[in-house]
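Notes for the one structure printed next.
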Amino acid sequence: MTMEKIINKLKEKFAGSILDVTEFRGETTVKVKPEIIVEFSSFLKYDSELKFELLEDLTAIDWAERKNRFSVIYHIFSIPNSLRIRIEVPLGTADNLDSVSGIWKTANWHERETYDMYGITFNNHPDLRRMYMPEEFEYHPLRKDFPLMGIPGSLPLPKK
Amino acid sequence: MERLKKEDAHPKILQALLDAETEVISDDVLDNEMILNMGPQHPATHGVLRLLLRLDGETVIACVPELGYLHRGYEKMAENMNYLDYIPHTDRLDYLSPPANNVAYALAVEKLAGIEAPPRAQYIRMMMCELSRIASHMVAIGALAMDVGALTVFLWTLREREKILDLYDHICGARFTTSYTRIGGLAQDVEEKTLKEVRDFVSQYDEKLDEIERLLNGNRIFLERLEGVGVISYDQAIDWGLTGPSLRGSGVNFDLRKATPYMFYSEMDFNVPVYKEGDSLARYFVRADETRESVKIIHQILDKMPRGEVMLNAPKKVLPRKVEIYSRMEELIHDFMLVNYGINPPEGQIYFAAENPKGELGFYIVSKGEGHPWKLKIRSPSMVNLQSLPVLVKGHMVSDVVAIIGSLDPVMGEADK
């Protein structure tokens, strides 16, 4: 199945929820509304023709704008079709999104990492803890308002 | 020294361990469950991986891995430096195969900037990737064998790796942190003499691998420690996002060099080894067979190696040669602009994934047309592969945990970023 046919099929099924489809350097980005992400993902995975079974990556972008600050990005690969698709979910003013870890188990740690780095909470996530930073750390380091040098005193040293 | 208090022991991790789903029931229940903290400083965890194990006797009931002990914030650093400056940092991701990381990063930025390195540079890059695959798998096999008690193999495989490190030294002047690629090409060309050394190395490699396999493949202890240990099925392997040898050990024929060919891999004749069993032994077999295929590829690369430049002629994107910088005005200006303001690729976002020794190494770069990336995400195979560890170790002995980690072959530099 070619990417063109896949996009047409998705547009047919999710007519009102697909905001935009763009192509850059041969990669297709589908922008969808945050409300349908779980339904959209399960269609991508379980449809017998699409079979986007391998979630390669899940991350977020901080655009540093007040109105539309975060986007969550998914990269999904279809092994039978040898095709990769990118889903972009603009969160608007919200900072939470439904978890897709029920569809792809591998999303579990990716979502934890995104939560750790950006402070985006994923609803219905089985175990939303920090991935890399210590539990008592209060900030989200990949946000654009977190300084590169860190915040003095934010990482307590072990007691003597 | 003060005693550790209860709140110092990271109760959230403990809670996660106690909440973890488990259906494992031990036959001879000892009536006392134990929580064992394995790592972060433990020789068998291949770096600073910390595992919390919930044990019943010696059987693992549940396991929670804890990452982040080597977190250096490479993604944050990438947002604050220009594209060329970031190349040395890619060495420190998967530090057992630095050239492969360099190549993956350079290809990602080139894809974003819309340029392509000349054929000779691409061929040399491919050669470096395959050499690093052999080097990395040699460590993986040696460390796995050492984890299950066969110490000699480690020395033999490291000897082979040492030869490859010497080749790196001759090719790019560094044994370990190579930083060999540049955006649009390579740091320097390879001499004919060095190519001959590469040929000598790959010609003798098959024989050496046979020797190593004779030590392992007929070794009853080695086989029994690995066979049927840490089994993951075809569907589960995809669901947990495994890539690389760990995925192909579960019968999935997925290799990015075949699925989305980059550089000149489409012109190379090689097989993708796939084993159906999905256990630790299958993952070892995949690695051993892959190095044979790498040798095949390197022979073809050396046969077909084209002549010509190793740096692209695109003054706005690619660094000029040092000789020209010191003798010509135009090149001096371009060098100044590239170093100070960066290569400024157009606005857009790309994802490039390369088949690295550990699995799929992906770079997702978002550009706003500036000299530094707006966002750079590293999709590190080690981290994603480690996520399946709780599934793999469930129901096995503590000593099997060590063998399973060895068979997944994680590198914490990459997993923690």
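So the sequence lines, in the order shown, correspond to chains A and B. Heads up, my numbering is the position in the first sequence plus 195, with the first residue counted as 1. Heads up, my numbering is the position in the second sequence plus 29, with the first residue counted as 1. Built from N, CA and C at the ideal position, the CB exists for glycine as well.
Under the Cβ distance rule, leucine 96(B) counts among the residues neighbouring chain A, one pair being separated by less than 8 Å. Histidine 320(A) is outside the set of residues whose beta carbon lies under 8 Å from a beta carbon in chain B. Chain B places no beta carbon closer than 8 Å to that of histidine 335(A), leaving this residue out of the contacts. Residues of the same chain with a CB within less than 6 Å of the CB of tyrosine 124(B), apart from the 5 flanking positions on each side, are Gly442 in chain order. According to DSSP, phenylalanine 272(A) shares a beta bridge with Leu249(A), Arg279(A). Three or more beta-carbon pairs drawn from the segment 379 to 388 of chain B and the segment 160 to 175 of chain B are found closer than 8 Å, and the two stretches are therefore classed as touching. Threonine 224(A) places its beta carbon 8 Å or farther from that of arginine 264(A). For serine 232(B), no beta strand (DSSP E) run applies; the uninterrupted alpha helix (DSSP H) run containing it begins and ends at 221 to 245, by DSSP. By the criterion of a C-beta distance shorter than 8 Å, isoleucine 267(B) is surrounded in its chain by Leu276, Val281, once the five residues flanking it on both sides are discounted. A residue is called buried when at least 16 other Cβ atoms come within 10 angstroms of its Cβ; valine 352(B) does not meet this threshold and is exposed. In the three-state reduction of the DSSP assignment, leucine 361(B) falls in the helix class, which pools H, G and I.
Excluding the 5 residues flanking it on each side, methionine 426(B) has same chain C-beta neighbours closer than 8 Å at Glu87, Thr88, Val89, in chain order. Remark: C-beta atoms of valine 339(B) and glycine 143(B) do not approach each other more closely than 8 Å.
Note that the C-beta distance between leucine 390(B) and asparagine 130(B) is below 8 Å. Straight-line measurement puts the Cα of proline 419(B) at about 10 Å from the Cα of leucine 46(B). With a cut-off of 8 Å on Cβ pairs, the segment 430 to 439 of chain B is in contact with the segment 309 to 319 of chain B, counting three or more such pairs. The beta-carbon of threonine 88(B) is placed no less than 8 Å from the nearest beta-carbon of chain A. Counting of Cβ neighbours within 10 angstroms places aspartate 429(B) among the buried residues, the total reaching 16 or more. In terms of CA proximity to tyrosine 197(B), Met157(B) leads the group Val168(B), Met157(B), Val182(B), Glu221(B).
Distance check between methionine 198(A) and each of Ala210(A), Asp215(A), Gly221(A) places Gly221(A) closest, using alpha-carbon atoms only.
The way I'd put it, the segment 410 to 419 of chain B doesn't touch the segment 60 to 72 of chain B; fewer than three beta-carbon pairs between them come closer than 8 Å. Looking only at Arg286(B), Ile394(B), His363(B), His199(B), the smallest Cα-Cα distance to alanine 107(B) is reached by Ile394(B).
When C-beta atoms of the segment 334 to 347 of chain A are compared with those of the segment 293 to 307 of chain B, fewer than three pairs fall below 8 Å, so the two segments do not count as touching. Assignment of arginine 336(B) by DSSP, reduced to helix, strand and coil, places it in the coil class. Annotation note: the segment 352 to 432 of chain B contains the following uninterrupted beta strand (DSSP E) runs of length 3 or greater, listed N- to C-terminal: 377 to 385, 388 to 396, 404 to 408.
One finds nothing in chain B with a Cβ atom closer than 7 Å to the Cβ of lysine 262(A); even the nearest lies about 17 Å away.
Per DSSP, the unbroken alpha helix (DSSP H) holding aspartate 311(A) starts and ends at 302 to 313. Between the alpha carbons of proline 274(B) and valine 315(B) lies a distance of about 6 Å.
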